[in-house]
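Positions 364 to 746 (the numbering used here) are the ones given, in order, by the sequence shown.
Ideal Cβ positions, reconstructed from N, Cα and C, are used throughout, including at glycine.
The model shown is predicted, which means the values in this text are computed figures rather than measured ones.
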Amino acid sequence: MIALNNLHLINGSQPVNIGIKGKLIASVNTDVVKAGELTLNFSSAIALPGLINSHDHLDFNLFPQFGERFYDNYTQWGVHIHQQYKAQINKVLQVPLALRAAWGVYKNLLSGVTTVVDHSDGTKFKSDLINVVQDYHCLHSVQFEKRWKKKLNNPLKFKKPYVVHVGEGVDDLAHEEIDHLLKGNLFNKKLIGIHGVAMEAHQGKSFKALVWCPQSNYFLLNSTADIKTLKQHTPILFGTDSTLTSEWNIWEHLRLAVKTEHVSAEELWASVNTAPAKIWKLNTGELSANKDADIVIAKASSQDINSLYKLNPEDLLLVMHRGSINLFDEELYQQLANQDFPLQQFDRIKIGNAYKYVSGGINRLIEQIKSYYPEAIFPVIPA
Ligand SMILES: [Zn+2]
């Protein structure tokens, strides 16, 4: 049993102790946990469920943001960046796919994301560090997925949802594309849409859920989905998309989402934990007994939900996935060293002004990537 002691919860009145047994949370209450394995004591810290990022392309996170103006839709953007940035794109693609995706996993882990829904065309990425969800039918989009209608209407595939970029634009084309998709869904398969910038309420209600990626939308289109309306018709999940169109740090995305005033602080928070846990059928998204021990602990002086949106990767004290500590702040180093914790499995890195210890060989990965692509820029420095 692992004990994580003296932690505040969002809107909680008094600090709790969390007991973790194996991969699961055993208890969250004020009782003393009979640890045995490991005990960590915190002060002025808040415990959160590990975040769920419902949209990313893991292997696209070595790209910088490409695009220098606003576009009408994603096809226009796609054509433009392939002309304009051809040389830079090819440089990034020199890095083997598995290494690029491994970096994508770290991009998420460093921000406290313990589940990411990866949108890749059939390439399976596995990781021990976070949960990579690919258990759905992936269609790129109406414009870029060849024979999408045939794939969508495959009579043997009924169980899992179809996940598709849709309505990523501000013009008629983007709007009509949604109707086109819905009309082509002959057997009424479960659809999860990504972006939906051009989506209207009557279209939204035909989706099992919509993944909102506001930062990517504003970068590409200077606009985002009408979430204020759409949230009344379909569940809203939150996604970052890749660094091709957005920043690496999900907390910046959440802050932007707050500013849009489309959702309340509580609704936004649900869109990165309980809401996606339900849609993707995950045993996570909340801190309670028998849920997966996917836990983020952050420095926090207040348990008010609004204060969460001030956080950054620098402020994270610990990230746990299914009972394994995969990242911790140097503040915890001594406590861990005193308890025979396998510190040698962790690399030391610097994020902003903070030092973190991360498992899985992040520093070697950075070195390997740089051997293929020396210009690669990372938000962390091996230290
Ligand atoms: Zn995408």
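Cα-Cα, which of I729, V527, W575 is closest to H625?
Answer by Cα proximity: W575.
What are the start and end residues of the beta strand (DSSP E) that includes F601?
599-601 is the extent of the beta strand (DSSP E) around F601.
With contact counted as at least three CB pairs below 8 Å, one residue from each stretch, are the region 536-546 and the region 446-457 in contact?
Contact between the region 536-546 and the region 446-457 is absent: fewer than 3 CB-CB pairs across the two stretches fall below 8 Å.
By how many angstroms is the C-alpha of I740 removed from the C-alpha of L681?
Answer to the nearest angstrom: the Cα atoms are 24 Å apart.
Could you name the residues that DSSP lists as bridge partners for M683?
In DSSP, M683 forms a bridge with I658, I688.
Please classify V442 as buried or exposed, where buried requires at least 16 other C-beta atoms within 10 Å of its C-beta.
Exposed is the call here.
To test your reading of the DSSP string, which unbroken beta strand (DSSP E) runs of 3 or more residues are found completely within the region 465-505?
With a minimum length of 3 residues, the continuous beta strand (DSSP E) runs that stay inside the region 465-505 are 476-481, 494-496, 500-504.
What's the C-alpha gap between L600 and I415?
Straight-line Cα distance between these residues: approximately 9 Å.
Counting only runs that start and end within the region 373-454, where is the beta strand (DSSP E) found for 3 or more residues in a row?
With a minimum length of 3 residues, the continuous beta strand (DSSP E) runs that stay inside the region 373-454 are 379-384, 387-392, 401-404, 408-412, 414-419.
Residues bridged to S722 (per DSSP)
BP columns for S722 point to F709.
Beta carbon shell of ligand 1 at less than 6 Å from a heavy atom:
The set, ordered by position in the chain, is H418, H420, H482, H528, I557, D604.
Could you check what DSSP says for Y736 in three-state terms: helix, strand or coil?
In the three-state scheme derived from DSSP, where H, G and I count as helix and E and B as strand, Y736 is classed as coil.
Which of the three DSSP states, helix, strand or coil, is assigned to H565?
Looking at H565 - three-state DSSP - the assignment turns out to be helix.
How about H596 and G567: do their beta carbons lie closer than 8 Å?
When the beta-carbon positions are compared, H596 and G567 come within less than 8 Å of each other.
Can you tell me whether DSSP reads N368 as helix, strand or coil?
DSSP, reduced to helix, strand and coil, places N368 within a strand of the structure shown.
Starting from Y581, trace the alpha helix (DSSP H) both ways and give me its first and last residue.
Unbroken alpha helix (DSSP H) run through Y581: 577-584.
Based on the DSSP output, what are the partners of V529 in its beta bridges?
Beta bridge pairing from DSSP links V529 with H558.
Out of curiosity, what's the CA-to-CA distance linking L679 and T477?
For L679 and T477, the distance between alpha carbons rounds to 13 Å.
Using beta-carbon positions only, say whether T587 and P598 come within less than 8 Å of one another.
Against a cut-off of 8 Å, the Cβ pair of P598 and T587 comes out as no contact.
What is the DSSP secondary structure of A572, counted as helix, strand or coil?
Looking at A572 - three-state DSSP - the assignment turns out to be strand.
Mind reading off the beta-carbon distance from V480 to S417? Whole number of angstroms is fine, and I expect it under 8 Å.
With a beta-carbon spacing of about 5 Å, V480 and S417 fall inside the 8 Å limit used to define contacts.
Cβ neighbours of L421 in the same chain (closer than 6 Å, five flanking residues each side left out):
Excluding residues within five positions, the ones whose Cβ falls inside 6 Å are A464, G467, D481, F488.
Less than 8 Å between the C-beta atoms of I658 and A410, yes or no?
Result yes, Cβ atoms of I658 and A410 sit closer than 8 Å.
Please return the same chain residues whose Cβ sits closer than 8 Å to the Cβ of L645, not counting the five positions on each side in sequence.
Non-local beta-carbon contacts of L645 in its own chain, meaning distances under 8 Å to residues more than five positions away in sequence, involve I415, T478, N494, V496, P639, D655 in chain order.
Evaluate L549 with the Cβ neighbour count: other Cβ atoms within 10 Å of its Cβ, from every protein chain shown; 16 or more gives buried, anything less gives exposed.
By the C-beta density criterion, L549 is exposed, having fewer than 16 other C-beta atoms within 10 angstroms.
Coil, strand or helix - A717 by DSSP:
Under the three-state reduction of DSSP output, A717 falls in the strand class.
Please report the straight-line C-alpha distance between S627 and T592, rounded to a whole angstrom.
Each residue's Cα considered, the two are about 13 Å apart.
When the Cα atoms are used, what is the spatial distance from A661 to S490?
Straight-line Cα distance between these residues: approximately 23 Å.
Enumerate in chain order the residues of its own chain whose CB-to-CB distance from S634 is below 6 Å, with the five nearest sequence positions on each side excluded.
Within the same chain, I599, L600, F601 come within 6 Å of S634 by CB-CB distance, once the 5 residues on both sides are set aside.
For P742, three-class secondary structure by DSSP
Assignment of P742 by DSSP, reduced to helix, strand and coil, places it in the coil class.
Under three-state DSSP, which class holds S627?
Looking at S627 - three-state DSSP - the assignment turns out to be coil, as it is neither helix nor strand.
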